[in-house]
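Participant:
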Amino acid sequence: MTRPADLVLYNAHVHTVDDARPRAEAVAVRDGRIAWVGDGDGWRAFTGPDTETVDARGRLVLPGFVDSHNHVRLGSDADCVQLAGAGTLDEIGARIADRLRSHPDAAWIEGEAFDYSAIPGGRMPTAADLDRFTGDRPAFVLSYDVHTAWLNTAALRRLGIGRDTAQTAYGTVQKDPATGEPTGFLTDFAVRGLSRDGHRALRAAGVPWADPDRQYRRLAGSLDTAARYGITTVVEPQNSLDDLPLFERALAEGRLRSRLVAGLFHPRGTTPEDLAAFAAAARRHASDRFRVGPLKLYIDDVVEPHTAALLEPYAGHHSHRGETFYPPEEFAEVLAGLDAAGFQAFVHATGDRGIRTVLDAVAHARAVNGPNDARHQVVHVECLDPADVPRFAELGVVACMQPRHCSPDIAGPGRDWAEAVGEHRWNKAWPMRSLHESGAVLALSSDWNVAEMDPLVGLYTAVTRRGLAGGEPWMPEETLDLATALRGYTLGSAYAVHLEHELGSVVPGKLADLVMLSDDLFELEPKAFLDARAELGVLGGEVVHRAA
Numbered sequence: 001m002t003r004p005a006d007l008v009l010y011n012a013h014v015h016t017v018d019d020a021r022p023r024a025e026a027v028a029v030r031d032g033r034i035a036w037v038g039d040g041d042g043w044r045a046f047t048g049p050d051t052e053t054v055d056a057r058g059r060l061v062l063p064g065f066v067d068s069h070n071h072v073r074l075g076s077d078a079d080c081v082q083l084a085g086a087g088t089l090d091e092i093g094a095r096i097a098d099r100l101r102s103h104p105d106a107a108w109i110e111g112e113a114f115d116y117s118a119i120p121g122g123r124m125p126t127a128a129d130l131d132r133f134t135g136d137r138p139a140f141v142l143s144y145d146v147h148t149a150w151l152n153t154a155a156l157r158r159l160g161i162g163r164d165t166a167q168t169a170y171g172t173v174q175k176d177p178a179t180g181e182p183t184g185f186l187t188d189f190a191v192r193g194l195s196r197d198g199h200r201a202l203r204a205a206g207v208p209w210a211d212p213d214r215q216y217r218r219l220a221g222s223l224d225t226a227a228r229y230g231i232t233t234v235v236e237p238q239n240s241l242d243d244l245p246l247f248e249r250a251l252a253e254g255r256l257r258s259r260l261v262a263g264l265f266h267p268r269g270t271t272p273e274d275l276a277a278f279a280a281a282a283r284r285h286a287s288d289r290f291r292v293g294p295l296k297l298y299i300d301d302v303v304e305p306h307t308a309a310l311l312e313p314y315a316g317h318h319s320h321r322g323e324t325f326y327p328p329e330e331f332a333e334v335l336a337g338l339d340a341a342g343f344q345a346f347v348h349a350t351g352d353r354g355i356r357t358v359l360d361a362v363a364h365a366r367a368v369n370g371p372n373d374a375r376h377q378v379v380h381v382e383c384l385d386p387a388d389v390p391r392f393a394e395l396g397v398v399a400c401m402q403p404r405h406c407s408p409d410i411a412g413p414g415r416d417w418a419e420a421v422g423e424h425r426w427n428k429a430w431p432m433r434s435l436h437e438s439g440a441v442l443a444l445s446s447d448w449n450v451a452e453m454d455p456l457v458g459l460y461t462a463v464t465r466r467g468l469a470g471g472e473p474w475m476p477e478e479t480l481d482l483a484t485a486l487r488g489y490t491l492g493s494a495y496a497v498h499l500e501h502e503l504g505s506v507v508p509g510k511l512a513d514l515v516m517l518s519d520d521l522f523e524l525e526p527k528a529f530l531d532a533r534a535e536l537g538v539l540g541g542e543v544v545h546r547a548a
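Every letter in the sequence shown is one number past the one before it in full-length UniProt numbering, and letter 233, counting from 1, is 233.
1) Pull up the distance between the alpha-carbon of HIS147 and that of GLN174, whole angstroms please.
2) With a CB to CB cut of under 7 Å and the five nearest residues on each side skipped, what residues in its chain are close to GLY509?
3) If VAL354 sits next to THR324, beta carbons under 8 Å apart, how far is it from one beta carbon to the other, in whole angstroms?
4) Strictly by DSSP, which residues pair up with ASP105?
5) Exposed or buried, what is ASN372 when buried is set at 16 or more other beta-carbons lying within 10 Å of its beta-carbon?
6) Buried or exposed: which applies to THR16, given that a residue is buried once 16 or more other Cβ atoms fall within 10 Å of its Cβ?
7) Using the three-state DSSP reduction, which class does PRO526 fall into: helix, strand or coil?
8) List the whole-angstrom C-beta distance separating PHE133 from GLY93, where the pair is believed to meet the contact cut-off of C-beta under 8 Å.
9) Compare the Cα-Cα distances from GLY293 to each of GLU112, GLY316, VAL334, ALA341 and report the closest residue.
10) At the level of alpha carbons, what is the spacing between ILE231 and VAL29?
11) Which one of GLY64, ALA24, LEU74 has the shortest CA to CA distance from ARG259?
12) Using the Cα positions of PRO184 and ILE119, report the straight-line distance between them to the nearest angstrom.
13) How long is the line joining the alpha carbons of ASP50 and ARG44, rounded to whole angstroms?
14) According to DSSP, is ALA229 part of a helix, a strand, or is it coil?
15) Use the C-beta contact count for ALA262: other C-beta atoms within 10 angstroms, 16 or more gives buried, fewer gives exposed.
16) Excluding the 5 residues preceding and the 5 following ALA227 in the sequence, name in chain order all residues of the same chain whose CB lies nearer than 7 Å to its CB.
17) Do LYS296 and ALA345 count as a contact pair if the criterion is CB distance below 9 Å?
18) Following the continuous alpha helix (DSSP H) through LEU491, name the residue where it begins and the one where it ends.
19) At the level of alpha carbons, what is the spacing between LEU444 and SER222?
20) Which same chain residues end up closer than 7 Å to HIS436 when comparing Cβ atoms and leaving out the 5 residues on each side of it in sequence?
21) Would you mind reading off the limits of the alpha helix (DSSP H) that contains ARG391?
22) Whose CA, out of ALA127, VAL421, GLU500, lies closest to the CA of ARG314?
23) Could you tell me the boundaries of the alpha helix (DSSP H) in which GLY87 lies?
24) Just curious, the beta strand (DSSP E) that ILE34 is in, first and last residue?
25) Could I get the ranges of all uninterrupted alpha helix (DSSP H) runs contained in the stretch 154-207, with 4 residues as the minimum, in chain order?
26) In the DSSP output, what is residue 608 paired with across the bridge?
27) Per DSSP, which residues does ASN11 bridge with? Please list them.
28) Check for me: the beta strand (DSSP E) holding HIS147 runs from which residue to which?
29) Which residue from GLU382, PRO473, LEU468 puts its Cα closest to that of MET432?
30) Rounded to the nearest angstrom, how far is the Cβ of ASP454 from that of LEU60, given a contact under 8 Å?
31) Can PHE446 and ARG404 be called in contact, C-beta distance under 9 Å?
32) Answer yes or no: do GLU423 and PRO413 have a C-beta to C-beta separation smaller than 9 Å?
33) Just to check my reading of the structure: residue 556 and ASP188 have Cβ atoms closer than 8 Å, yes? What is that Cβ distance to the nearest angstrom?
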């Protein structure tokens with residue numbers, strides 16, 4: 001006699017992401033794992049008096065979404081002025097003024113998600129731009145991609161940044177070429193400011209954003225959002241050892257309603273002692289709910305402020321191509337060493353020269369160490385030279401990409417990304433279809449809070465390359481079909497962190513991580529994806545989200 005299941009979903013369109021059985025009508029879950037997948041009334045054999053049965057009424061059931069690059073620890077901060085969508089300096093100022101009226105006693109003005117294109121003339125922001133809105137109160141504002149920080153004059157004074165300051169623990173100080181004075185704009189914030197030393201320095205300087213309690217509130221809020229969107233596994237790519245207690249607290253308090261894989265940040269200069277500590281943390285945190293292990297590195301920065309590494313100069317420049325954080329030969333040796341020690345590397349690379357440097361380093365590691373199943377990732381893959389497309393599959397490198405970033409309302413014609421690389425390089429922009437057709441594994445993700453966390457927003461962009469309001473697609477030859485995009489958000493992302501045997505498809509024996517959507521996406525026009533939602537989220541057989 002069949003032992004009853006704990007949960008049965010029936011009368012569904014189950015898109016299994018399993019090539020052996022692509023579609024089914026019902027799923028039975030027992031003891032946290034998928035016990036049966038099938039059609040018709042076969043599910044009735046798995047029911048008993050304590051079985052919860054859910055009539056899906058034809059709705060789409062999927063493996064739980066695996067968000068392969070989601071900064072849940074950074075999150076979105078309710079104590080910051082929200083600048084997403086502010087298209088001009090005056091609008092930024094108006095939002096700051098609203099904050100000052102509602103929080104007249106705030107010691108700092110903090111903001112997040114400013115868009116580079118809001119600054120007139122294509123230039124980067126300055127302290128003077130902020131001063132007229134903030135006066136003598138220190139202001140600390142992060143860009144939407146969290147790769148740059150914008151300070152006013154009072155904050156420069158508070159942080160001790162002056163004419164003689166070239167670097168801080170949390171960013172590279174930009175200087176006015178005429179006066180030599182700091183402009184108030186810091187680059188490399190994602191590399192420095194999010195590091196262990198950077199966070200410690202910001203806390204010591206009294207910047208409230210870096211306070212551990214603020215960090216935990218951001219984390220808890222983001223984890224709640226992930227559960228609501230049917231994201232059953234989150235890969236948080238960049239953390240220090242100091243940050244791991246935040247995840248331990250979330251697990252202990254029941255706020256971790258998704259599985260979480262935490263990458264550890266490997267800045268340039270990481271020591272053998274650091275690597276030993278990273279390995280110890282990975283051994284200590286190796287459960288199916290919370291894992292530590294991959295290492296996050298940077299080879300370049302971002303395109304908009306011209307800090308990504310390009311093969312040819314930026315549009316409108318005679319020679320400036322951006323820089324890599326390591327000389328290529330040094331990076332190749334670093335990656336080969338990590339590869340030999342058994343570490344998986346997530347490498348941030350956005351420019352075509354940065355990406356090529358990473359691929360060359362992986363090729364060097366394979367030559368030195370022999371081929372293995374490391375599954376090193378290039379993260380973002382924004383501007384990829386066509387000659388390097390086939391190298392991903394050849395080298396076993398995963399392309400970890402964020403479809404929403406290539407939306408024309410973010411990166412397309414007239415926006416800073418497209419103008420920085422120039423139209424002659426638009427064919428290199430986020431070539432998802434080319435990579436897929438070449439045999440590369442795509443791991444798709446949100447990059448929250450750089451972009452919306454909702455996987456349905458990412459799916460819409462992947463299959464249309466249109467803005468959220470519609471309009472003309474940008475580089476439509478690189479769209480994905482829906483089944484391929486869903487694989488990128490499930491099995492591809494599970495594979496990217498060596499979890500494809502447990503997650504990412506609806507197959508008997510795998511962990512019972514499932515999401516039921518309000519609609520069958522295969523029956524909708526893509527624009528309607530944006531109106532759909534996760535009705536039910538299941539983690540290890542437990543319902544962790546049920547829509548009202």
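Built from N, CA and C at the ideal position, the CB exists for glycine as well. This one's a predicted model, so the numbers in the text were calculated from it and none came from an experiment.
Facilitator: Working from what's here:
1) 14 Å
2) ARG33, ILE34
3) One point to set straight first is that residue 354 is Gly, not Val, in the sequence displayed. Yes, they are in contact, since the Cβ atoms of GLY354 and THR324 sit about 6 Å apart, within 8 Å.
4) Partner(s): none; ASP105 has no beta bridge.
5) For ASN372, the number of other beta carbons within 10 angstroms of its own is below 16, and it is reported as exposed.
6) buried
7) Of the three classes helix, strand and coil, the one that applies to PRO526 here is helix, per DSSP.
8) 4 Å
9) Cα-wise, what sits closest to GLY293 is ALA341.
10) 18 Å
11) GLY64
12) Reading off the sequence shown, one finds Gly at residue 184, where the question assumed Pro. Distance between the alpha carbons of GLY184 and ILE119: 14 Å.
13) 13 Å
14) The sequence shown places Tyr at residue 229, not Ala. Here TYR229 sits in coil by DSSP.
15) buried
16) ARG257, SER258, GLY537, VAL544, HIS545
17) yes
18) 491-496
19) 18 Å
20) LEU442, LEU480, THR484
21) 389-395
22) Here residue 314 is Tyr; the residue named in the question, Arg, does not match the sequence. Comparing alpha-carbon positions, the option among ALA127, VAL421, GLU500 lying closest to TYR314 turns out to be VAL421.
23) From DSSP, GLY87 is part of no alpha helix (DSSP H); its letter is neither H nor E.
24) ILE34 -> beta strand (DSSP E) spans 33-38.
25) 189-192, 196-204
26) Limits of the chain in this structure are 1 at one end and 548 at the other, which puts residue 608 out of reach.
27) Beta-bridge pairing links ASN11 to no other residue.
28) Here HIS147 belongs to no beta strand (DSSP E), and DSSP marks it neither H nor E.
29) GLU382
30) Between LEU60 and ASP454 the Cβ distance is about 15 Å, and since that is not below 8 Å, they are no contact.
31) Per the sequence shown, residue 446 should be read as Ser rather than Phe. Their beta carbons are under 9 Å apart, which means SER446 touches ARG404 by this criterion.
32) yes
33) Any answer about residue 556 is impossible in this case: the structure gives the chain only from 1 up to 548.
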